[in-house]
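>
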Amino acid sequence: MPVRRRRVTIAHVLLAAAVVAAAGSIACDRVPLTAPTQSFIQLFATGSSVPPDGSLEIVANVTEQAGTPVQNGTVVTFVTSLGRVDPAEARTHNGKATTRLIADGRSGVATVTAFSGAAESATLEIPIGAAAIGTFSVSASPATLPSGGGSSQITARARDAAGNPLAGVSVSFSTTAGTVSPEVATTDAAGEARTTLTTTRDATVTARAAQEEADVTVTVDQALTLTVSVSPNPPVEGLTTEFIIVVTVPPGGAAADRLEVNFGDGNRTSLRIPSSGGTTTLSHVYDRDGTFTVGVTVVDSNGGRQTQQIVVTVVAAP
3 MPVRRRRVTI AHVLLAAAVV AAAGSIACDR VPLTAPTQSF IQLFATGSSV PPDGSLEIVA
63 NVTEQAGTPV QNGTVVTFVT SLGRVDPAEA RTHNGKATTR LIADGRSGVA TVTAFSGAAE
123 SATLEIPIGA AAIGTFSVSA SPATLPSGGG SSQITARARD AAGNPLAGVS VSFSTTAGTV
183 SPEVATTDAA GEARTTLTTT RDATVTARAA QEEADVTVTV DQALTLTVSV SPNPPVEGLT
243 TEFIIVVTVP PGGAAADRLE VNFGDGNRTS LRIPSSGGTT TLSHVYDRDG TFTVGVTVVD
303 SNGGRQTQQI VVTVVAAP
């Protein structure tokens, strides 16, 4: 019996030792591998900025004190102040661990940092959305509208510091006269956001994206003026009637181009006139008596039109 009791005790001791060893091995397997003491982490980005709904690859280069890459499988943890990183933890291969900085629609500067053990990288700043704008401009086409007003397409352009177009940037538009539609637009793949200005007078359109602002002025030509008189008055059936038309070009206004005249009896005519305006005399013969509405339109070089109507009563010939 004593011999038998001794063998049981040894078996229990061996079994307990095996259990302890296995537990220690499992515990070691569960502890993540991190960079050794006095290691270095450097962060690199594969681009200079991130669109508001885009992403960018971030690479951590982890080396030991001697400059050699850390062991494969070393765990690196990434954190960011804006957006998110995915994955938040990555394992090294040849000393490099990779994650993606993913924007969440907000604009700002994301500060990305990487950790492994006691090693910590310097922060990497990545502008997101409107915060990445290096240059911001706005233009109008056409920049001058004809007298009476019209519509002009307004285009805002956003570029990063390297001159690359920024897509997904929200741009708001406002105007000092008329209306803009839409009031808010998003830049496309070319970095451009557009709206349409409709106005009857000079207007300055301002485009804003985050802290950036730019404006453009659209002018409306001053209208030409004209006066129309008739001789003799009243006109006589079968005899020549003269229409004296005086066109005045305002200072800074568009040049005169042509006259369009409707004599009211089914006859019309169109003729070029001097760009500076002046007096033009037209002759016409009414072949019947009656009342006629004469319409005279002057057209400027930008297509602006001004019309004046007069009513003439043609009397029968003696």
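Heads up, the sequence shown is in our numbering, so the first residue is 3 and it goes up one at a time.
Every residue, glycine too, gets a C-beta built ideally from N, C-alpha and C.
Please give me, in chain order, every unbroken run of the beta strand (DSSP E) with length at least 3 that falls completely inside the region 37 to 106.
Listed in chain order, they are 42 to 47, 57 to 65, 77 to 82, 86 to 88, 91 to 93 and 98 to 104.
> Would residue 160 pass as a contact of residue 171 if the rule is Cβ separation under 9 angstroms?
Stepping through the sequence shown from its first residue, residue 160 is reached at position 158. Stepping through the sequence shown from its first residue, residue 171 is reached at position 169. Their beta carbons are under 9 angstroms apart, which means residue 160 touches residue 171 by this criterion.
> Is it true that the region 284 to 293 meets the region 256 to 270, where meeting means three or more beta-carbon pairs spaced less than 8 angstroms apart?
In short, these stretches touch, since the Cβ pair count reaches three.
> The beta strand (DSSP E) that contains residue 150, what's its start and end?
Within the sequence shown, the letter at position 148 stands for residue 150. First-last for residue 150: undefined, no H or E at that position.
> Could you check whether the Cβ of residue 51 sits closer than 9 angstroms to any Cβ belonging to chain D?
Among the protein chains of the structure shown there is no chain D, as only one such chain exists.
> By Cβ distance below 8 angstroms, which residues in the same chain neighbour residue 145 in space, the five residues on each side in sequence not counted?
Mapped onto the sequence shown, residue 145 falls at position 143. If we look at residue 145 and ignore the five residues flanking it on each side, its Cβ neighbours are 154, 218, 219, 220 and 221.
> Assuming residue 264 is part of the beta strand (DSSP E), what are its boundary residues?
Taking the sequence shown and counting its residues from 1, the one referred to as residue 264 is at position 262. 258 to 264 is the span of the beta strand (DSSP E), which, as asked, contains residue 264.
> Name the DSSP bridge partner or partners of residue 247?
Taking the sequence shown and counting its residues from 1, one reaches residue 247 at position 245. 230 and 282.
> Ignore the nearest five residues each way along the sequence and tell me which others in residue 210's own chain have a CB closer than 6 angstroms to its CB.
Residue 210 sits at position 208 when you count from the first residue of the sequence shown. So the qualifying residues of the chain are 174.
> I'd like to confirm the pairing. Which residues does DSSP put opposite residue 132 in its beta bridges?
Along the sequence shown, read from residue 1 onward, the residue named residue 132 stands at position 130. None, per the DSSP bridge assignment.
> Assuming the contact rule is C-beta atoms closer than 8 angstroms, residue 102 and residue 51 should be a hit. Round their C-beta distance to whole Å, please.
If you number the sequence shown from 1, residue 102 lands on position 100. If you number the sequence shown from 1, residue 51 lands on position 49. The pair is not a contact, with the Cβ atoms about 14 angstroms apart (cut-off 8 angstroms).
> Using C-beta distances below 6 angstroms, list every residue in its chain close to residue 194, excluding the 5 sequence neighbours before and after it, in chain order.
Your numbering for residue 194 matches position 192 in the sequence shown. Excluding residues within five positions, the ones whose Cβ falls inside 6 angstroms are 157 and 159.
> Under the DSSP definition of a beta bridge, which residues are partnered with residue 196?
Numbered from its first residue, the sequence shown carries residue 196 at position 194. Note: residue 196 sits in a beta bridge opposite 157.
> First and last residue of the beta strand (DSSP E) that includes residue 214?
Numbered from its first residue, the sequence shown carries residue 214 at position 212. Counting along the chain, the beta strand (DSSP E) containing residue 214 begins and ends at 214 to 222.
> Enumerate in chain order the residues of its own chain whose CB-to-CB distance from residue 269 is below 8 angstroms, with the five nearest sequence positions on each side excluded.
Taking the sequence shown and counting its residues from 1, the one referred to as residue 269 is at position 267. Closer than 8 angstroms at the Cβ level, and outside the excluded window around residue 269, lie 286.
> Just curious, the beta strand (DSSP E) that residue 210 is in, first and last residue?
Taking the sequence shown and counting its residues from 1, one reaches residue 210 at position 208. Per DSSP, residue 210 belongs to the beta strand (DSSP E) from 205 to 211.
> Label residue 2 either buried or exposed according to how many other C-beta atoms from any shown protein chain fall within 10 Å of its C-beta, with 16 as the threshold for buried.
Residue 2 is absent from the model: the chain starts at 3 and stops at 320.
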